[in-house]
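In order, the protein sequences belong to chains V and W. Each residue of the first sequence is one higher than the one before, counting from 111 in our numbering. Each residue of the second sequence is one higher than the one before, counting from 7 in our numbering.
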Amino acid sequence: MHPARSIILFTSLSGLGFGLLAWLGIDGDAPTGWVGFIFFAIAYALACGGLMASTFHLGHPERAIKAFSQWRSSWLSREGVAAVATLVVMGVYAFFLVFFGLQISILGWIGAALAIVTVYTTSMIYAQLKTVPRWNTPLTSALFICLALAGGALLSGRVLFAINLLVIAAIIQVIWWQQGDTRFSESGTTLASATGLGSIGKVRAFEPPHTGTNYLMDEFMHVVGRKHAQKLRAIALVLMIGLPILFLLLPFAHLFALLAVVSHLAGVFVSRWLFFAEAEHVVGLYYGKR
Amino acid sequence: MTTLPTSTEKKLGLVIDLDTCVGCHACVVSCKGWNTENYGAPLSDQDPYGAAPKGTFLNRVHSYEVQPENGSAAQLIHFPKSCLHCEDAPCVTVCPTGASYKRVEDGIVLVNESDCIGCGLCAWACPYGAREMDQAEGVMKKCTLCVDRIYNENLPEEDRQPACVRTCPAGARHFGDLGDPDSDVSKLVAERGGMDLMPEQGTKPVNKYLPPRPKDKIEEIDILAPFLAPVAEEPKGFLGWLDKTLERL
Ligand code: SF4
Ligand code: SF4
Ligand code: SF4
Numbered sequence: 111m112h113p114a115r116s117i118i119l120f121t122s123l124s125g126l127g128f129g130l131l132a133w134l135g136i137d138g139d140a141p142t143g144w145v146g147f148i149f150f151a152i153a154y155a156l157a158c159g160g161l162m163a164s165t166f167h168l169g170h171p172e173r174a175i176k177a178f179s180q181w182r183s184s185w186l187s188r189e190g191v192a193a194v195a196t197l198v199v200m201g202v203y204a205f206f207l208v209f210f211g212l213q214i215s216i217l218g219w220i221g222a223a224l225a226i227v228t229v230y231t232t233s234m235i236y237a238q239l240k241t242v243p244r245w246n247t248p249l250t251s252a253l254f255i256c257l258a259l260a261g262g263a264l265l266s267g268r269v270l271f272a273i274n275l276l277v278i279a280a281i282i283q284v285i286w287w288q289q290g291d292t293r294f295s296e297s298g299t300t301l302a303s304a305t306g307l308g309s310i311g312k313v314r315a316f317e318p319p320h321t322g323t324n325y326l327m328d329e330f331m332h333v334v335g336r337k338h339a340q341k342l343r344a345i346a347l348v349l350m351i352g353l354p355i356l357f358l359l360l361p362f363a364h365l366f367a368l369l370a371v372v373s374h375l376a377g378v379f380v381s382r383w384l385f386f387a388e389a390e391h392v393v394g395l396y397y398g399k400r
Numbered sequence: 007m008t009t010l011p012t013s014t015e016k017k018l019g020l021v022i023d024l025d026t027c028v029g030c031h032a033c034v035v036s037c038k039g040w041n042t043e044n045y046g047a048p049l050s051d052q053d054p055y056g057a058a059p060k061g062t063f064l065n066r067v068h069s070y071e072v073q074p075e076n077g078s079a080a081q082l083i084h085f086p087k088s089c090l091h092c093e094d095a096p097c098v099t100v101c102p103t104g105a106s107y108k109r110v111e112d113g114i115v116l117v118n119e120s121d122c123i124g125c126g127l128c129a130w131a132c133p134y135g136a137r138e139m140d141q142a143e144g145v146m147k148k149c150t151l152c153v154d155r156i157y158n159e160n161l162p163e164e165d166r167q168p169a170c171v172r173t174c175p176a177g178a179r180h181f182g183d184l185g186d187p188d189s190d191v192s193k194l195v196a197e198r199g200g201m202d203l204m205p206e207q208g209t210k211p212v213n214k215y216l217p218p219r220p221k222d223k224i225e226e227i228d229i230l231a232p233f234l235a236p237v238a239e240e241p242k243g244f245l246g247w248l249d250k251t252l253e254r255l
């Protein structure tokens, strides 16, 4: 799949933002006043920034409001609804915290649950696709949610939670990569099943329909980045998990906390880039590519 | 609504004969022509006369080579591919806006272009590559089964079928109701063992493909061979001398 910058930004940033909102929601002693304001501002900037970035790849962003209508069937629509619901509920919760120093815990818990649901809906946009076997697994949702919670814990300064969640995220990530490498062949979709010609013999793509490229080839057949996949996986793990844990284990300093967050976010970007670049869509078979 | 109808009154679709398709791409051209001038946004091209032309098509013809297991000659099979108007169309259910829908009356899968936000998710969900985002218009384009021809009373009766079917010089494309077991297309499918593409994806395509018929084998049937045995083995006399002299030169 073509790793579009807008979607990588969106899934990484908003994941982190909603992760932070979830922690702020269940915090027994949530920050109030100015400190609270800054925490919520960061969370909203990340969540909304990500959502805005996601509209950049739309052909008609001015009609985006219509995307809230099909929540009965569409995960993308559900994501929109869940995101707005989270932002509204947490907005009210934050308003009372920041301006009145009043914590309405029940709102916080509802908002936190909605934040996690939002990350889940995002993950399901990808995990639902049978056409991309690498994504088509519940582990995709586990990975997205775990990374969001780990990032949120990191941002809200919960050292112990952050370390544990980062370790769990690393384990899920490695399993996801490993299983992902064979999921395409295990899916049973081949050029033989795609053309139905397998009963005659071995099928080979002889000529594409045209000499140039097309939307499908640009969108789904990205082979450039895979060459360095192994190296990039290692880089992602070090940045996303290894370095942040190291910084957290050092004696506390604001600089280290900041470095941990920056490194984690950079690692999530690399991981998300691979998420798309390594994913193979079954339509590639028709073009003799993967 | 992007929830799918539980059943449709008809299952209109195409039957494509891989045995007779000659790979001329006439259906590609007629499809592009008709759908650029009619239903919805025109099918745009980018840099059509330049070095890297690119454009939107609703129907494309691939070519595959199949090497039979028994070692006989490889076959070249031309393979037209457009939307299969799936019964369990994943492209419809993923659509967040309701722009994509499957019609209850005839099962045609369509895009309402004024609702489409151009998110592209339906193209991700289609395993067959049957949806293409128009780069000029920013909306999703797909085969309409020529819905603006098949019911069009302004056209002469023989033209009330999809452009690609009407134009195919080899008669490799057939149009009809695949939900009716007595229709011509259903009989054709039954007779020729029509098949689904990627059945494992669970999309239940309405369009069917007729597999190429088995090819004849060339047996040893050369009844004239005994009469054509070479007569003179080695040239003698003058010819023999000429032959040797010429060889020496
Ligand atoms: S072929 Fe693709 S676009 Fe057409 S109905 Fe099936 S899934 Fe949808
Ligand atoms: S591109 Fe248009 S038709 Fe396709 S899923 Fe998005 S809104 Fe629906
Ligand atoms: S039915 Fe019409 S829109 Fe569909 S491939 Fe044929 S000509 Fe194109």
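In this text, a Cβ means the ideal position worked out from N, Cα and C, and glycines have one as well. Remember, predicted model here, so these are calculated numbers, not experimental data.
Tell me which residue opens and which closes the alpha helix (DSSP H) that Glu-253 of chain W is part of. Walking along the second sequence from the start, residue 253 of chain W turns up at place 247. Unbroken alpha helix (DSSP H) run through Glu-253 of chain W: 243–254.
Span of the alpha helix (DSSP H), counted from its first residue to its last, around Phe-385 of chain V
Position 275 of the first sequence, counted from the first residue, corresponds to residue 385 of chain V. That run of the alpha helix (DSSP H) goes 364–387.
Worksheet item: Is it right to say Lys-341 of chain V is buried, meaning 16 or more other beta carbons lie within 10 angstroms of its own, or is it exposed?
Response: Looking up residue 341 of chain V in the first sequence gives position 231. Exposed: under 16 other Cβ atoms inside 10 Å.
**OP:** Just the chain W side, please: which residues come within less than 7 angstroms of Phe-316 of chain V by C-beta, in chain order?
**Re:** As a first step, residue 316 of chain V must be located in the first sequence, where it is residue number 206. Neighbours of Phe-316 of chain V in chain W, taken as residues whose beta carbon is under 7 angstroms from its own, are Ser-69, Tyr-70, Glu-71 and Leu-82 in chain order.
Can you give me the start and stop residues for the alpha helix (DSSP H) that Tyr-203 of chain V sits inside? Translated into positions along the first sequence, residue 203 of chain V becomes position 93. Here the alpha helix (DSSP H) through Tyr-203 of chain V covers 185–210.
- [ ] Spatial neighbours of Ala-302 of chain V within its chain, please: CB distance less than 6 angstroms, with the 5 preceding and 5 following residues excluded, ordered by chain position.
- [x] Residue 302 of chain V sits at position 192 when you count from the first residue of the first sequence. Closer than 6 angstroms at the Cβ level, and outside the excluded window around Ala-302 of chain V, lie Gly-308 and Val-313.
| Within 7 angstroms of ligand 3: residues by beta-carbon to any heavy atom | Chain-ordered list of matching residues: W:Leu-20, W:Cys-33, W:Ser-36, W:Cys-37, W:Trp-40, W:Asn-41, W:Leu-64, W:Asn-65, W:Ser-88, W:Cys-89, W:Cys-149, W:Thr-150, W:Leu-151, W:Cys-152, W:Pro-168, W:Ala-169, W:Cys-170 and W:Val-171.
* Since Leu-239 of chain V meets chain W, which of its residues come closer than 7 angstroms, beta carbon to beta carbon? -> If you number the first sequence from 1, residue 239 of chain V lands on position 129. Residues of chain W with a Cβ closer than 7 angstroms to the Cβ of Leu-239 of chain V are, in chain order, Trp-130 and Ala-131.
Exercise. Within the same chain, show all residues whose beta-carbon is closer than 7 angstroms to that of Gly-143 of chain V, passing over the 5 residues directly before and after it, in chain order.
Key: Counting from 1 along the first sequence, the entry for residue 143 of chain V is found at position 33. The residues are Val-208 and Gly-211.
task = With a threshold of 7 angstroms, establish whether the CB of Thr-103 of chain W neighbours any heavy atom of ligand 2.
result = For the purposes of this step, residue 103 of chain W is taken as residue 97 along the second sequence, with counting starting at 1. It does: the Cβ of Thr-103 of chain W is within 7 angstroms (strictly closer) of some heavy atom of ligand 2.
Exercise for the section: Evaluate Gly-221 of chain V with the Cβ neighbour count: other Cβ atoms within 10 Å of its Cβ, from every protein chain shown; 16 or more gives buried, anything less gives exposed. Expected result: Numbered from its first residue, the first sequence carries residue 221 of chain V at position 111. When all chains shown are included, Gly-221 of chain V counts as buried.
Leu-375 of chain V classed as buried or exposed, judged by whether at least 16 other C-beta atoms fall within 10 angstroms:
Here residue 375 of chain V refers to the residue found at position 265 of the first sequence. Flag for Leu-375 of chain V reads buried.
Determine whether the Cβ of His-215 of chain W lies closer than 8 angstroms to any Cβ atom of chain V. Locating residue 215 of chain W in the second sequence gives position 209, where the first residue counts as 1. First, the residue type needs correcting, since residue 215 of chain W is Tyr and not His in the sequence shown. Under the Cβ criterion of 8 angstroms, Tyr-215 of chain W is counted among the residues facing chain V.
Checklist entry - What does DSSP give as the partner residues of Glu-138 of chain W in its beta bridges? => result Your numbering for residue 138 of chain W matches position 132 in the second sequence. Assignment of beta-bridge partners to Glu-138 of chain W by DSSP yields W:Lys-147.
At the 8 angstroms Cβ level, is Val-145 of chain W part of the contact set with chain V, yes or no? Position 139 of the second sequence holds residue 145 of chain W. At least one C-beta of chain V is nearer than 8 angstroms to the C-beta of Val-145 of chain W.
Own chain, CB closer than 8 angstroms to Pro-175 of chain W, minus 5 neighbours either side, in chain order: Taking the second sequence and counting its residues from 1, the one referred to as residue 175 of chain W is at position 169. So the qualifying residues of the chain are Val-28, Cys-30 and Ala-32.
With 16 other CB atoms within 10 Å as the buried threshold, where does Lys-337 of chain V fall?
Taking the first residue of the first sequence as 1, we reach residue 337 of chain V at position 227. That one is exposed.
**Item:** Residues that Ala-304 of chain V contacts on chain W, provided the C-beta gap is smaller than 7 angstroms
**Value:** Position 194 of the first sequence, counted from the start, is the residue given in the question as residue 304 of chain V. Residues of chain W passing the Cβ test: Leu-203 and Met-204.
inquiry  = With three or more beta-carbon pairs closer than 8 angstroms as the criterion, would you say the region 46–60 of chain W touches the region 139–148 of chain W?
reply    = Enough Cβ pairs lie closer than 8 angstroms, so yes.
Return yes when at least one heavy atom of ligand 2 lies under 7 angstroms from the C-beta of Val-117 of chain W, else no. Residue mapping note: residue 117 of chain W aligns to position 111 of the second sequence, counting from 1. The answer is yes for Val-117 of chain W.
Q) In its own chain, which residues sit with a C-beta less than 8 angstroms from the C-beta of Arg-293 of chain V, not counting the 5 before and 5 after it? A) The sequence position of residue 293 of chain V within the first sequence is 183, counting from 1. Pro-243, Arg-244, Asn-246 and Thr-247.
Q) Nearest to Leu-275 of chain V by CA position, among V:Leu-197, V:Gly-261, V:Arg-115 and V:Leu-131, is which residue? A) Sequence index remark: in the first sequence, residue 275 of chain V carries index 165 (1-based). Cα-wise, what sits closest to Leu-275 of chain V is V:Gly-261.
Which whole-angstrom value describes the C-beta separation of Trp-40 of chain W and Leu-239 of chain V, a residue pair presumed to lie in contact below a C-beta threshold of 8 angstroms?
Residue mapping note: residue 40 of chain W aligns to position 34 of the second sequence, counting from 1. Residue mapping note: residue 239 of chain V aligns to position 129 of the first sequence, counting from 1. The C-beta distance from Trp-40 of chain W to Leu-239 of chain V rounds to 31 angstroms, too long to fall under 8 angstroms, and the pair is not in contact.
**Report entry** Limits of the unbroken beta strand (DSSP E) element including Ala-315 of chain V
**Finding:** Here residue 315 of chain V refers to the residue found at position 205 of the first sequence. Here the beta strand (DSSP E) through Ala-315 of chain V covers 311–317.
**Message:** According to DSSP, simplified to helix, strand and coil, what is Pro-54 of chain W?
**Reply:** Here residue 54 of chain W refers to the residue found at position 48 of the second sequence. In this structure, Pro-54 of chain W counts as coil in the three-state DSSP scheme.
Next item on the list: Give me whichever residues DSSP pairs with Arg-244 of chain V in a beta bridge.
Entry: Position 134 of the first sequence, counted from the start, is the residue given in the question as residue 244 of chain V. Partner(s): none; Arg-244 of chain V has no beta bridge.
**Asked** Using CA coordinates, which residue listed in V:His-170, V:Ser-266 and V:Ala-272 is at the minimum distance from Leu-101 of chain V?
**Response** Because chain V spans 111 through 400 in this model, residue 101 of chain V falls outside it and cannot be assessed.
Taking only heavy atoms of ligand 2 into account, decide whether any of them is closer than 7 angstroms to the Cβ of Ile-123 of chain W. Against the second sequence, residue 123 of chain W aligns to sequence position 117. Checking the Cβ of Ile-123 of chain W against ligand 2 gives yes.
On the three-state DSSP scale, how would you describe Met-332 of chain V?
Residue 332 of chain V sits at position 222 when you count from the first residue of the first sequence. Per the sequence shown, the amino acid found at residue 332 of chain V is His instead of Met. Coil at His-332 of chain V, not helix or strand.
>> Distance check for Leu-151 of chain W and Arg-166 of chain W, CA to CA, integer angstroms please.
In response: Counted from its first residue, the second sequence places residue 166 of chain W at position 160. Counted from its first residue, the second sequence places residue 151 of chain W at position 145. Computed Cα separation, rounded: 11 angstroms.
Against Pro-319 of chain V, what residues of chain W qualify as contacts under a CB-to-CB distance less than 7 angstroms, listed in chain order? Locating residue 319 of chain V in the first sequence gives position 209, where the first residue counts as 1. Within 7 angstroms Cβ-Cβ: Arg-66, Val-67 and His-68.
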